[in-house]
Amino acid sequence: MPFEAADQTVQVKGHGSVKVDRSRDALLTDFGKATLKDRYPMPGESFQDLFARVASYYGDDAEHAQRLYDYISKLWFMPATPVLSNGGTERGLPISCFLNEANDTLEGIVGLWNENVWLAAKGGGIGSYWGNLRSIGEKVGGNGKTSGIVPFIRVMDSLTLAISQGSLRRGSAACYLPVDHPEIEEFIEIRRPTGGDPNRKALNLHHGILISDAFMRAVEADEEWALLSPKDKSV
6 MPFEAADQTV QVKGHGSVKV DRSRDALLTD FGKATLKDRY PMPGESFQDL FARVASYYGD
66 DAEHAQRLYD YISKLWFMPA TPVLSNGGTE RGLPISCFLN EANDTLEGIV GLWNENVWLA
126 AKGGGIGSYW GNLRSIGEKV GGNGKTSGIV PFIRVMDSLT LAISQGSLRR GSAACYLPVD
186 HPEIEEFIEI RRPTGGDPNR KALNLHHGIL ISDAFMRAVE ADEEWALLSP KDKSV
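Letter by letter, the sequence shown follows residues 6 to 240 of our numbering.
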């Protein structure tokens, strides 16, 4: 057990005892209590014990820990989900979101998949940049041609969905592409369930586009916009 409960004091990892006020449970709504109970406490842990655990673990010293507890228990602020659920425990990570990018090599792509699997398993939100990869039809190796970024993103979609099932905080993932990438039009439609090749869809991922100043100036001037190879910047 990560703590021992007494009437007014909780002994937790971190900075010793935190004085709790169990009457502050009344500040929580029924919905708030149900949400906390469903997701955050360790076995046998009350709401105030939970707040004390987190405050003690992240406080700089005993005084800071007590102040954090008071602020949380009075609902003046509430830490993010990974902090509430994992702080002072051996499970998960205390970080909500992670950013990474795929390199234009098979090793780089597989490495990104592997990293995202572990982040999803820990309940982390993931934002992956795919703009370094060559687009569909570009040369690779000797006489080969790339299948583009979409099949690789589709694998990321499946892995994130599979690994995050049943976790305390389901992993959520997003992928990003610059507005001048040759596959940008297909990428925009990647979550649309109808139209196009169903094998080139990723229905569960969020996606976003990196918009440059140059693109916005082209829009203002009503100019054509060139799509560029990430490898050699050819049009």
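Even glycine gets a Cβ: it sits at the ideal position worked out from N, Cα and C. Quick caveat, the model's predicted, so the values are computed rather than measured.
- Task: For Tyr134, verify whether its CB is less than 6 Å away from any heavy atom of the ligand NAD.
- Result: With respect to the ligand NAD, the structure shown offers nothing to examine, as it has no ligands at all.
- Own chain partners of Trp118 with C-beta closer than 7 Å, once the 5 adjacent residues on each side are dropped: Residue mapping note: residue 118 aligns to position 113 of the sequence shown, counting from 1. Within its own chain, the residues whose Cβ lies closer than 7 Å to the Cβ of Trp118, once the five positions on either side in sequence are excluded, are Val160, Met161 and Leu164, listed in chain order.
- Whole alpha helix (DSSP H) elements within the segment 50–114, 4-residue minimum: DSSP runs (the alpha helix (DSSP H)) wholly in the segment 50–114: 52–63, 67–78 and 86–91.
- Message: Between which two residues does the beta strand (DSSP E) holding Ala242 run?
- Response: No statement about residue 242 is possible, as the shown extent of the chain runs from 6 to 240 and does not include it.
- Task: Go through the segment 176–229 residue by residue and report every complete run of the alpha helix (DSSP H) that reaches 4 residues or more, in order.
- Result: For the alpha helix (DSSP H) assignment, the uninterrupted runs of no fewer than 4 residues enclosed by the segment 176–229 are, from N- to C-terminal side, 189–193 and 218–225.
- Query: Which word fits Ile154, buried or exposed, when buried means at least 16 other C-beta atoms lie within 10 angstroms of its C-beta?
  - Reply: If you number the sequence shown from 1, residue 154 lands on position 149. In this structure Ile154 is buried. Its beta-carbon is surrounded by 16 or more other beta-carbon atoms within 10 angstroms.
- With distances taken between CB atoms, is the gap from Leu55 to Tyr45 smaller than 7 Å? Numbered from its first residue, the sequence shown carries residue 55 at position 50. Numbered from its first residue, the sequence shown carries residue 45 at position 40. Against a cut-off of 7 Å, the Cβ pair of Tyr45 and Leu55 comes out as a contact.
- Item | Local conformation of Lys238 per DSSP, three classes | Stepping through the sequence shown from its first residue, residue 238 is reached at position 233. Three-state result, Lys238: coil.
- Where does the unbroken beta strand (DSSP E) through Ser152 begin, and where does it stop? Position 147 of the sequence shown, counted from the first residue, corresponds to residue 152. Unbroken run through Ser152: none, as it is neither H nor E.
- Message: Distance check for Arg222 and Gly130, CA to CA, integer angstroms please.
- Response: As a position in the sequence shown, residue 130 is number 125, starting the count at 1. As a position in the sequence shown, residue 222 is number 217, starting the count at 1. Straight across, the Cα-Cα distance linking Gly130 with Arg222 is about 33 Å.
- Query: Taking C-beta to C-beta, are Asn2 and Pro84 nearer than 7 Å?
  - Reply: Since the first residue shown for the chain is 6 and the last is 240, residue 2 is missing from the structure and cannot be characterised.
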